[in-house]
Amino acid sequence: MKEMKNSSLLTWLNGALGVMVWVLVFGLVVLSVMLVLGLLGVGAGTAHMEWSAMGLRLEVPGAEFDGLFFTVSSGMGIGMAVFGLLILLRCRSIIRRVIQGTPFHPDQGRDMRWIAWLILASEAFQTAAQVFVASRIGSVLQAAAGPAITADATVSLRPEVIFLGLIILVLAQIFSYGSAMEEEQRYTV
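Residues 28 to 216 in the numbering used here are what the sequence shown spells out, letter by letter.
Structure (structure tokens):
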């Protein structure tokens, strides 16, 4: 197939994905530094703290904290950033092949399957992180602060994300089928 000419949207998307990749790499560096600081206990302090993230709300008036919050939040951020980075890299390879004029290249379906499984795995990771945070931090802070702590947690599995992953799996199968048809057409006289 011939290379697509002047596809400004695809070129723009490829460039935007490249920028997002570097932003995520920078974010991974920052989160890694935060993780190390948290492990070293730098995030210590005494104050009324309310932390709300991913459906978890903790209130601890006057309790002492070690680096647990830095550690947990940066660890979860690193995990999600890695998933995002892997998804973006697969998207870039798909767009590059389309720009080159091979939208039904055999690797397109494989990359789309990777994206789908990464989306589903990131949702499972986020849910597992919510469960961990709800159980671990709540018990650690309750032991440190006593009955002064209140911990509310909601663990949510987002059906729209699971649905998106499943749709991409179906599209990946369609692209694999299209690739096989293109290969078959190439050998048809």
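All C-beta atoms, glycine included, are put in the ideal place defined by N, C-alpha and C. It should be emphasised that the depicted structure is a prediction, and the values quoted were computed from it without experimental measurement.
| Item | Value |
| --- | --- |
| What residue range does the alpha helix (DSSP H) around Ser183 cover? | It is not in any alpha helix (DSSP H) - Ser183 carries neither H nor E in the DSSP assignment. |
| So that I know if they touch, is there some Cβ in chain B lying closer than 8 Å to that of Ser183? | Going by chain labels, chain B is absent from the structure shown, which holds only one protein chain. |
| Quick check on Ala143: buried or exposed, where buried means 16 or more other Cβ atoms within 10 Å of its Cβ? | buried |
| Just confirm the distance between the C-beta atoms of Met107 and Ile195, as a whole number of angstroms; I'd bet it's less than 8 Å. | Not a contact, Cβ separation roughly 18 Å. |
| Rounded to whole angstroms, what's the CA-CA distance from Thr129 to Gln135? Just pull it up for me. | 9 Å |
| Using only the alpha-carbon positions, how far apart do Ser183 and Phe202 sit? | 32 Å |
| Please state whether the Cβ-Cβ distance between Val57 and Leu112 is less than 8 Å. | no |
| From this set, Thr215, Val160, Phe131 and Ser162, which residue's C-alpha is nearest Gln200's C-alpha? | Phe131 |
| Where does Gln127 sit, in a helix, a strand or coil, going by DSSP? | coil |
| Which term fits Met103, buried or exposed, when burial requires 16 or more other beta carbons within 10 angstroms of its beta carbon? | buried |
| So, with DSSP's three-state summary, where would you put Thr98? | helix |
| Any idea if Arg119 is buried or exposed, counting beta-carbon neighbours within 10 angstroms, 16 or more meaning buried? | buried |
| Quick one: residues in its chain with C-beta nearer than 6 Å to the C-beta of Asn41, no 5 flanking neighbours on either side, listed in chain order? | Ile122 |
| Span of the alpha helix (DSSP H) holding Thr154? | Pro133 to Phe159 |
| Pull up the CB-CB distance for Ala148 and Phe110, whole angstroms please, since I reckon it's below 8 Å. | 7 Å |
| In angstroms with no decimal places, state the Cα-to-Cα distance between Trp78 and Leu115. | Because the pLDDT of Trp78 is 48, which lies under 50, any placement of that residue in the model is unreliable, and the number read from its coordinates should be weighed accordingly. Cα to Cα, Trp78 sits roughly 29 Å from Leu115. |
| Is Leu67 helix, strand or coil by DSSP? | coil |
| In this structure, how does DSSP classify Ser203 when only helix, strand and coil are distinguished? | helix |
| Residues in its own chain within less than 8 Å of Ile105 by CB, not counting five upstream and five downstream? | Leu55, Leu58, Ser59 and Leu62 |
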